[in-house]
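Report on the following structure.
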Amino acid sequence: MTNAAAGQQQSAKYVANFRVWRGSSEGGELEDFKVAVNEGEVVLDIIHRLQATQAPDLAVRWNCKAGKCGSCSAEVNGRPRLMCMTRMSTFTPSDTITVTPLRAFPVVRDLVTDVSFNYQKAREVPAFVPPEGVAPGEYRMQQVDVERSQEFRKCIECFLCQDTCHVVRDHEENKTAFAGPRFLMRVAELDMHPLDAAAESGLDRKRTAQEEHGLGYCNITKCCTEVCPEHIKITDNALIPLKERAVDRKYDPLVWLGNKIRRRPE
Amino acid sequence: MATGTDPAARTAGTETGVHSPTRARIAARHLRTDRWWLAPAITAAGLLAFVVYSTWRAFSNAHYYAAPYVSPFYSPCLAENCIPMKGGPNWEIFGSWWGLSPALLILIFPLGFRLTCYYYRKAYYRGFWASPPACAVAEPHKKYSGETRFPLVLQNIHRYFFYAAVPVAGILTYDTVLSFRDENYAWGHMGLGTLVFLVNIALIWAYTFSCHSCRHIIGGRLKHFSKHPVRYRLWGWVGKLNDRHMATAWASLISVALADFYVYLVASGAFEDPRFF
Amino acid sequence: MTQLERQEWDVVVVGAGGAGLRAAIEAREQGARTAVICKSLFGKAHTVMAEGGIAASMGNVNSGDNWQVHFRDTMRGGKFLNQWRMAELHAREAPDRVWELETWGALFDRTADGRISQRNFGGHEYPRLAHVGDRTGLELIRTLQQKIVQLQQEDFKQSGDYESRLKVFQECTVTRVLKDGERVAGTFCYERESGRFFVLEAPSVVLATGGIGKSFKVTSNSWEYTGDGHALALLAGAPLLNMEFVQFHPTGMVWPPSVKGILVTESVRGDGGVLRNSDGKRFMFDYVPDVFKEKYAESEEEGDRWYEDPDHNRRPPELLPRDEVARAINSEVKAGRGSPHGGVYLDVSTRMPAETIRRRLPSMYHQFKELADVDITAEAMEVGPTCHYVMGGIAVDSDTAATRGVPGLFAAGEVAGGMHGSNRLGGNSLSDLLVFGRRAGLHASQHAAEHLGVSRPVIDETQIDAAAAEALRPFSAEGSEPGAQEPGRPPENPYTLHQELQQTMNDLVGIIRREGEMEQALEKLAELRVRARRAGVEGHRQFNPGWHLALDLRNMLLVSECIARAALERTESRGGHTREDFPAMDRAWRPVNLLCRPADPTGGLAATDPVRGQIELVTTTTEPIRPDLLALFEKEELVKYLAEEELYE
Chain Z
0 MTNAAAGQQQ SAKYVANFRV WRGSSEGGEL EDFKVAVNEG EVVLDIIHRL QATQAPDLAV
60 RWNCKAGKCG SCSAEVNGRP RLMCMTRMST FTPSDTITVT PLRAFPVVRD LVTDVSFNYQ
120 KAREVPAFVP PEGVAPGEYR MQQVDVERSQ EFRKCIECFL CQDTCHVVRD HEENKTAFAG
180 PRFLMRVAEL DMHPLDAAAE SGLDRKRTAQ EEHGLGYCNI TKCCTEVCPE HIKITDNALI
240 PLKERAVDRK YDPLVWLGNK IRRRPE
Chain L
0 MATGTDPAAR TAGTETGVHS PTRARIAARH LRTDRWWLAP AITAAGLLAF VVYSTWRAFS
60 NAHYYAAPYV SPFYSPCLAE NCIPMKGGPN WEIFGSWWGL SPALLILIFP LGFRLTCYYY
120 RKAYYRGFWA SPPACAVAEP HKKYSGETRF PLVLQNIHRY FFYAAVPVAG ILTYDTVLSF
180 RDENYAWGHM GLGTLVFLVN IALIWAYTFS CHSCRHIIGG RLKHFSKHPV RYRLWGWVGK
240 LNDRHMATAW ASLISVALAD FYVYLVASGA FEDPRFF
Chain H
0 MTQLERQEWD VVVVGAGGAG LRAAIEAREQ GARTAVICKS LFGKAHTVMA EGGIAASMGN
60 VNSGDNWQVH FRDTMRGGKF LNQWRMAELH AREAPDRVWE LETWGALFDR TADGRISQRN
120 FGGHEYPRLA HVGDRTGLEL IRTLQQKIVQ LQQEDFKQSG DYESRLKVFQ ECTVTRVLKD
180 GERVAGTFCY ERESGRFFVL EAPSVVLATG GIGKSFKVTS NSWEYTGDGH ALALLAGAPL
240 LNMEFVQFHP TGMVWPPSVK GILVTESVRG DGGVLRNSDG KRFMFDYVPD VFKEKYAESE
300 EEGDRWYEDP DHNRRPPELL PRDEVARAIN SEVKAGRGSP HGGVYLDVST RMPAETIRRR
360 LPSMYHQFKE LADVDITAEA MEVGPTCHYV MGGIAVDSDT AATRGVPGLF AAGEVAGGMH
420 GSNRLGGNSL SDLLVFGRRA GLHASQHAAE HLGVSRPVID ETQIDAAAAE ALRPFSAEGS
480 EPGAQEPGRP PENPYTLHQE LQQTMNDLVG IIRREGEMEQ ALEKLAELRV RARRAGVEGH
540 RQFNPGWHLA LDLRNMLLVS ECIARAALER TESRGGHTRE DFPAMDRAWR PVNLLCRPAD
600 PTGGLAATDP VRGQIELVTT TTEPIRPDLL ALFEKEELVK YLAEEELYE
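So the protein lines, in turn, are chains Z, L and H. For the first sequence, the positions run 0 to 265 when numbering that gives the first Met the number 0 is used. For the second sequence, the positions run 0 to 276 when numbering that gives the first Met the number 0 is used. For the third sequence, the positions run 0 to 648 when numbering that gives the first Met the number 0 is used.
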């Protein structure tokens, strides 16, 4: 680093007020810290500085520090965020910055929560069904056909959408019935996959989205889209299209009538 | 064992949501420091203003026609008690037994379209129902079943209101064409009202075609875009409009009220329609 | 101490990145009951950071491509130090491994005729990298993760238990591989969340823990990359191979400090980005080494034409192998032609329209926009070398991925050495994970099948007690050694030790190495090792990052010593190892492999002895390259690499 750059770094330094929630499932509280901030830093840098200098046992999850792995999810000033993607320059030096664990999941310790809900839900979505009779290497798909699902596969599973979604955040009891935006999006991803053969195998993803994964709980208030660090348009491109696909199946009177008529002879 | 998939063994206590016993014990319902209440407050105020205005106008049963302009609230006019509009969309389908304001007969459709619209749902769930009031702000309700039960499960019929909204928008387009007449029904004229109607109908169409159901019907339901290049292209256009669904929802809501208000001003004689030619 | 939970599995896979998951899938499909254990959450492994793509000679974009060409490129990139059999298997099997991902739901970018699209990359003769925008690693990890879930769903249908045959122990760390005599018997683990110890008993253990980057200050690697697998193998008695070869990726972010080291994908250059110094000069044209002279463009015009017409033009030198580019950038900065923050400029903004940049490099666009507040469509990026990958690693059998000397211990992915020789080509990492992950899983399950029932290895309690005592020591760290001169010294802060280690490795065993500096490094490492024994932590065992780091320090110190000793020994410059005092490649070193093994085979590790150290080097020579593979090269080219006697054979 050149001297000039080092000089810049010095001049941009200040001491910030941080309030970090510390505790476990037994209880805890917001603790106040004063901590140095350098130019260009993000909230996760400050948390690391706290660890290295003032609170060596401060529990926090992190990994890539580049917004690609989705580990360092927390709530900064009450908003679900990736700490590595929250630049300190978005605050003024006099702000008090409050960092808490995700509030939709059981807390483990400090900023670490038990996100097993999400892994449970992941298991409940039936996997991709490969088309029969198409050998590996013979898959042919057009770019325009894969793009919709590719958008959803940008998901880094930070679970911020699951955290902010009021269906489960505000109603613990809905966790059994509702898969959450991330996994409804997974259903949409598979339903839009050009070669997914679920329908041929007797699995109707459109119907199960509503009947098994709780699509109806979603009231499309778009908080999932707002928090998504990958800027996936979860609501407009996954959840609403999925709702429309469920409508195709369940609320279309023509389809309904057709089913009635066809069922009668049985 | 830390497999990450143990079902939550801990049972919920009396409190739910962010105060559930397993969650981090933070007394505050939210820790947001920004003005999160502003957006829902503006939404609620805007919608409320429209509801008050449109209720007054719909029930007033007066000042809705000033040749060549018919208020979009009263078009098509489907009862015998309608003011006769030469060449206009007044068809006496409901005959003479209908004694109330004829606006009520037709407003059901645009009302239903907007009420079940994916954008408006978000707006009023947040603004009026506080479900949620804003992201990561705990909602005040003890129970929540979303759109899984009656009546909210009926939101799923949005697409049929879309089907209905298209002919209604068609009729309003027809009204706009008729507005190229003068007060004596001579063609080839234009006034300020014509301009108001043109802006309104453009926004109505933009809102109608930016509808999520429309996007689905046009192409979203397809599995293979590559096999339907025309529908794929249309889907792309609708998608671009759909990005602005919120904007068109508000713009067309305001424009339709303004168009009605313009007709009211002219019909009540409070204002004279400036004629361009 | 004997009340630990013990579980019996057939195969234990340590690490849940690309190699670990692929190994687990294979082992489970072969019928072995398989446990995967990883330090992070399932699906967060460092593989997600891979951007460019998976190298596989499918020939979808240029039908001239085939495994032989891929093999040739790999050997050239590795300066012929590669275990040639690994390079061969890798080149042959990579296409199948990619195609298989599609049957598990992966969605790669497509060619116009609907096949998997492939892109150009440094060192690859043809467009070869299957990719998804610039988030290929994420696609790979998610596909493997979802395949695991699919297998668990199958098991659930059969047994009612998702985890009956394949289970992921996430956020758990392995601190020791346990043995029964010579052979592997299981792993000693702790759960990060609770600090609880447990033992997984298994006749086969696959190490797939990735790399060592966290021993360096400027690195693209995440916190997990503390050389755990390398250290576990060493401690279990399996040697490491050619640890001096550490790849510094030429283009890491250099500003702001908090993101220093984070990778800027090579696709930026593959898609037309160019490197310029502070004078605005495309300096790479001055740095094309002789061995590559015929393959690279000599003028900017020719280089620029190549993007459109690769058949009739030579590629621009920005696409030289990573070691060459990293050294070139290093030289420019040293010569005072660097950018304000000590890097050089990587520019796409003047080369492509903004819309194209956003479409082709979406995550780079976002990375710079959101982490550095730089709009790459409007201004140049500042980049510099960052520690990225270790070519060296556990010495393994090329075909079976079995380690040397420890039956039942396997290794795959970055933790295994040899495949990439002295320098890895971009894109060869993801394919390496898949090819050798599968092979490790296959052979681990076969080995396990032969050692079940009565022949299952048995773990004696003393090993477990020793491992537990070792893991708990940071809680009772004494401030001072018995009889020390300053009684009552506070325990060492593990964060401070880690920072000093990183600084030492970066400054003294970095891109350009000198004998004196490496000797200094070894002394410093010895000092750190002594101090690390006093590393103490506060608090309790529940999710305590200070404790975790204190335990990881052992591994980083071991691995760092291997790197420093091997680097000091190898008196030539080759690939990821550059000696200022021996700047040329020496053909005599080509067949020489340096093996690191513990100096104290009893396991005491002489940790407090600064001179002797923990590691001793063994020099071995490689098997000659098979003639039919040698025949793939021109004689004139081989002369540059191979020693006289090798040529005559």
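For glycine and all other residues, C-beta sits at the position ideal for the given N, C-alpha and C.
What are the partner residues of H/C171, as DSSP defines its beta bridges? Translated into the one-based positions of the third sequence, residue 171 of chain H becomes position 172. Answer by DSSP bridge pairing, in chain order: H/E190.
Within the continuous beta strand (DSSP E) that includes Z/K242, where are the two ends? Sequence index remark: in the first sequence, residue 242 of chain Z carries index 243 (1-based). Note, Z/K242: premise wrong, no beta strand (DSSP E); alpha helix (DSSP H) at I239 to K249.
Could you pull out every unbroken beta strand (DSSP E) segment of at least 3 residues lying fully inside the region 81-111 of chain Z, listed in chain order? Listed in chain order, the complete beta strand (DSSP E) runs (minimum 3 residues) inside the region 81-111 of chain Z are 95-99 and 106-108.
Any C-beta of chain H sitting closer than 8 Å to the C-beta of Z/W20? Against the first sequence, residue 20 of chain Z aligns to sequence position 21. Not closer than 8 Å to any Cβ of chain H, the Cβ of Z/W20 fails to qualify, so no.
What is the DSSP secondary structure of H/L628, counted as helix, strand or coil? As a first step, residue 628 of chain H is located in the third sequence; it is residue number 629 there, counting from the start. In the displayed model, H/L628 falls within a helix according to three-state DSSP.
Going along chain H, which residues have a C-beta under 7 Å from Z/E38? On the first sequence, residue 38 of chain Z is found 39 positions in, with the first residue counted as 1. Chain H residues near Z/E38: P255.
Interface residues of chain L facing Z/V246 [CB-CB closer than 7 Å]: Against the first sequence, residue 246 of chain Z aligns to sequence position 247. Neighbours of Z/V246 on chain L, chain order: N155 and R158.
Contacts of L/G121 in chain Z (Cβ-Cβ under 9 Å): Indexing the second sequence from 1 puts residue 121 of chain L at position 122. According to the sequence displayed, residue 121 of chain L carries Lys and not Gly. The contacting residues are N218, I219, T220, K221 and T234.
Contact between the region 138-154 of chain H and the region 37-52 of chain H (3+ Cβ pairs under 8 Å): Yes, the region 138-154 of chain H is in contact with the region 37-52 of chain H.
Within this structure, are the beta carbons of Z/S200 and Z/V128 separated by less than 8 Å? The sequence position of residue 200 of chain Z within the first sequence is 201, counting from 1. The sequence position of residue 128 of chain Z within the first sequence is 129, counting from 1. Here Z/S200 is near Z/V128, since their CB atoms are less than 8 Å apart.
Measure from the alpha carbon of Z/C222 to the alpha carbon of each residue in L/M245, L/P131 and L/V167, then state which is nearest. Here residue 222 of chain Z refers to the residue found at position 223 of the first sequence. Per the Cα distances, L/P131.
Start-to-end residues for the alpha helix (DSSP H) that takes in Z/C223: Counting from 1 along the first sequence, the entry for residue 223 of chain Z is found at position 224. It spans C222 to V226 - the alpha helix (DSSP H) in which Z/C223 sits, taken as one unbroken run.
Evaluate contact between the region 176-187 of chain H and the region 522-534 of chain H, counting only Cβ atoms and requiring at least three cross-stretch pairs below 8 Å. No: fewer than three Cβ pairs fall under 8 Å.
Answer yes or no: do H/T671 and H/H248 have a C-beta to C-beta separation smaller than 8 Å? Residue 671 of chain H lies beyond the range of chain H shown here (0 to 648); nothing can be said about it.
Provide the residue(s) that pair with H/E200 in DSSP beta bridges, ordered along the chain. Taking the first residue of the third sequence as 1, we reach residue 200 of chain H at position 201. For H/E200, which the question treats as bridged, DSSP gives the partners H/E7 and H/G185.
Would DSSP call Z/G27 helix, strand or coil? Your numbering for residue 27 of chain Z matches position 28 in the first sequence. In this structure, Z/G27 counts as strand in the three-state DSSP scheme.
Can you name the start and end residues of the alpha helix (DSSP H) that H/G76 belongs to? Translated into the one-based positions of the third sequence, residue 76 of chain H becomes position 77. Unbroken alpha helix (DSSP H) run through H/G76: W66 to G76.
Closer than 8 Å, CB to CB, is H/V529 near chain Z or not? Taking the third sequence and counting its residues from 1, one reaches residue 529 of chain H at position 530. So no, H/V529 is outside the interface.
Leaving aside the five residues before and after H/Q144 along the sequence, list all residues of the same chain whose C-beta is less than 6 Å from its C-beta, in chain order. As a position in the third sequence, residue 144 of chain H is number 145, starting the count at 1. Counting only Cβ-Cβ distances below 6 Å, and skipping sequence neighbours, we find G42.
Going by beta carbon distance, what residues of the same chain come within less than 8 Å of H/I261, once the five residues before and after it are set aside? Position 262 of the third sequence, counting from 1, holds the residue named residue 261 of chain H. Answer for H/I261: S219, G251, M252, Q366, L370 and T385, listed in chain order.
Whole angstroms are fine: how far does the CA of L/C134 sit from the CA of Z/P180? Residue numbering aside, residue 180 of chain Z sits at position 181 when the first sequence is read from its first letter. Residue numbering aside, residue 134 of chain L sits at position 135 when the second sequence is read from its first letter. Pairing Z/P180 with L/C134, the inter-Cα distance amounts to about 14 Å.
Compare the beta carbon distance of Z/K153 and Z/E229 with 8 Å and say whether it is the shorter of the two. Position 154 of the first sequence, counting from 1, holds the residue named residue 153 of chain Z. Position 230 of the first sequence, counting from 1, holds the residue named residue 229 of chain Z. Taking 8 Å as the cut-off, the Cβ atoms of Z/K153 and Z/E229 count as close.
Take Z/R185 as the anchor and find which of Z/G26, Z/E123, Z/A51 and Z/W61 has the nearest alpha-carbon. As a position in the first sequence, residue 185 of chain Z is number 186, starting the count at 1. Looking only at Z/G26, Z/E123, Z/A51 and Z/W61, the smallest Cα-Cα distance to Z/R185 is reached by Z/E123.
Let me know if L/F276 comes out buried or exposed under the rule of 16 or more other beta-carbons within 10 Å of its beta-carbon. Numbered from 1 along the second sequence, position 277 holds the residue referred to as residue 276 of chain L. That one is exposed.
Hey, quick one: how far does the beta strand (DSSP E) through H/M380 stretch, first residue to last? In the third sequence, residue 380 of chain H corresponds to position 381, counting from 1. Run containing H/M380: M380 to V389, per the beta strand (DSSP E) assignment.
Look at H/T225 and H/M504 and say whether their C-beta atoms are less than 8 Å apart. Within the third sequence, residue 225 of chain H is the residue found at index 226, counting from 1. Within the third sequence, residue 504 of chain H is the residue found at index 505, counting from 1. For the pair H/T225 and H/M504, the CB atoms are not nearer than the 8 Å cut-off.
In the DSSP output, which residue or residues are listed as bridge partners for L/Y64? Counting from one through the second sequence, the residue named residue 64 of chain L turns up at place 65. Looking at the DSSP output, L/Y64 sits in a beta bridge with L/V69.
Compare the C-beta of L/L37 against all C-beta atoms of chain Z and say whether one is closer than 8 Å. The count along the second sequence starts at 1 and reaches residue 37 of chain L at position 38. Chain Z contact via Cβ: absent.
Counting only Cβ-Cβ distances shorter than 7 Å, please list the residues of the region 402-414 of chain H near chain Z, keeping chain order. Flagged: no residues at all.
Closer than 7 Å, Cβ to any Cβ of chain L: which residues of the region 136-170 of chain Z, in chain order? Here the close residues are Q141, V143, D144, T163, H165, V166, R168, D169 and H170.
When the cut-off is 8 Å and only beta carbons count, does Z/P129 lie next to chain H? As a working mapping, residue 129 of chain Z is identified with position 130 in the first sequence. At least one chain H Cβ lies under 8 Å of Z/P129.
At a Cβ cut of 7 Å, what residues of the region 514-548 of chain H count as close to chain Z, listed as they run along the chain? So the close ones are V536, E537, G538, Q541, F542, N543, P544 and G545.
Strictly by DSSP, which residues pair up with L/C76? Here residue 76 of chain L refers to the residue found at position 77 of the second sequence. L/C76 is bridged by DSSP to L/N89.
Can you find a CB in chain Z that lies within less than 8 Å of the CB of H/F41? Taking the third sequence and counting its residues from 1, the one referred to as residue 41 of chain H is at position 42. True, the Cβ-Cβ gap to chain Z drops below 8 Å.
Distance, Cα to Cα, Z/D203 vs Z/R248? As a first step, residue 203 of chain Z is located in the first sequence; it is residue number 204 there, counting from the start. As a first step, residue 248 of chain Z is located in the first sequence; it is residue number 249 there, counting from the start. Those two C-alpha atoms are separated by around 9 Å.
Pull up the DSSP beta-bridge partners for H/A534, would you. The residue you call residue 534 of chain H lines up with position 535 of the third sequence. When beta bridges are read from the DSSP output, H/A534 appears opposite H/E491.
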